[in-house]
Every structure is written in structure tokens, then in C-alpha cells.
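Numbering (our numbering), first residue to last: 37 to 270.
Reviewing the structure listed below.
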């Protein structure tokens, strides 16, 4: 009886020990699975971090798509710069053109004024230069340099002028000291002149100096300017 009890008790103890060992083994297995899961989770996080780092590094170098607005901004600045250069070039050409036109106007005006002064100077020089040896030709030269009413009046008295020069054996030589344009109006102008002459004649004058101040009106006659009026100024 006692033997049966002992055997039964031993069996129960062995069974309990087996269950305890099985439970312990299950617990160790669960702990191992938990560690493995934790390791996988840590590995996944590290992989994700590495992937994020790689993506960030790649964006800095090659994988970042260019912002289209940046291209349009650069193109816009380029267009503005080109337009500015074109505007400056056109403006420069316009200014240069205006300067050339103004220069041509000034040059033409000065040439016209010089032509008026030259015509008056030539006429007065001829008027003050009469040699009795060639009096008729000298008088005709004055007529050729004249126009209008002055030419008409001088032509009427030309013969008397020649006779007087020949009778007195006068030789006069004129020169212009200074001349300036007083006014101009289209194809006419008034020139002020300071002139001098020397006179030699049968009455004893020997290159005696004379001073003259004149106001001479010149006018266009064909393609030339000629004396149209002569006034002696005191």
C-alpha cells in the first residue's frame, strides 16, 4: 500500500517537473522570438535612416529636380539685359544722328555766312582798286560783281568814272581789314567792312592811305552773291 502511494507521488512530481520544464522552455522560446522581433525592428529603422540619408545626399548632388521658376527667372533677366542693350544702342544711334544733323546745319550756316562776307569783300576790293591804265576793265569788273540797283547806277556812270581815272592818272589799291556779317535773310545779307586804300594820281598823291567803313548789302544773282547796295559809314 505504501509502495503504491510512493509510486503515484513520484509520478505526479515527475509530471509537474516536466510541465515546469516545458513552461520554462516556452518562456525561453518566447523571449528569443521577442529579441528577434526587436532586432528586426531596429534593423528596419536603421535601413530607413540610411535610405533617408542617401536620399538627402542624392538630392544635394544629382537627384534634385531644377525649379522651373528658376529657369524662367534667369531667362527673364537675360531678356531684360538684351532689351536694355538694344535700347541703349538705338538711343546712341538716335543721338548720334541728331548730332550729325545739327552739325550739318551749323556747317551749312557758317558756309552761307562766309559766302556772303566773301562776296561783299570781293566787291569792295574791286571798287577801291582802279588803275587808269586799265580803267575800263576795272570798272567792268565792279559791274560784274554787282546786281540790282547798285549795278544799274554804277553802269550808268561807268564811262564818267573811267574818264576821271584816266584824266587824273589815278591808281588806287584797296584791301579789306575786317568784315563781319551784320544780318542775313535768306538769299540776302548785310556785311560791315573796314577797308583801306592807297591813292596815287597826277595831283601829287603818292600812295596816300585812305580808310573806309562801309555797309554792303549782298544778294543772290544766279549761283553767286553780288553787291546790291553800298553805303559809306562815317
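All residues carry an ideal CB built from backbone N, CA and C; glycine is no exception.
Within 10 angstroms of the beta-carbon of residue 183 lie 16 or more other beta-carbons, which makes it buried. Residue 265 and residue 221 have their C-alpha atoms spaced approximately 15 Å apart. Here the alpha carbons of residue 126 and residue 132 stand approximately 10 Å from one another. The region 176-190 and the region 206-219 do not touch, with fewer than three beta-carbon pairs separated by less than 8 Å. Take residue 191, set aside five residues on each side of it, and the residues of its chain with a beta-carbon closer than 6 Å to its own are 179, in chain order. Residue 118 carries a helical assignment under DSSP once its states are collapsed to helix, strand and coil.
The continuous stretches of alpha helix (DSSP H) do not include residue 257, which lies in the beta strand (DSSP E) extending over residues 244-257.
In terms of Cα proximity to residue 160, the closest of 235, 172, 260 and 253 is 253. Scanning its chain for C-beta atoms nearer than 7 Å, with the 5 sequence neighbours on each side dropped, one finds around residue 245 the residues 232 and 234, in chain order. Here residue 152 is buried, its C-beta having at least 16 other C-beta atoms within 10 Å. Burial state of residue 201 is buried, judged by a 10 Å Cβ sphere holding 16 or more other Cβ atoms. Between the C-alpha atoms of residue 129 and residue 145 there is a straight-line separation of about 24 Å. A Cβ-Cβ contact shorter than 7 Å links residue 229 with residue 212. The continuous alpha helix (DSSP H) containing residue 186 extends over residues 184-192. Ranked by how close their Cα comes to the Cα of residue 203, the residues 256, 155, 236 and 142 have 236 in first place. For residue 154, the closest alpha carbon among the candidates 268, 270, 263 and 267 is that of 263.
The three-state reading of DSSP puts residue 205 in coil, since its state is none of H, G, I, E or B. The three-state secondary structure of residue 265, taken from DSSP, is strand.
Judged by DSSP secondary structure, residue 173 falls within the alpha helix (DSSP H) whose first and last residues are 171-180. Residue 176 and residue 142 have their C-alpha atoms spaced approximately 36 Å apart. Nearest to residue 250 by alpha-carbon distance, out of 241, 240, 223 and 214, is 214.
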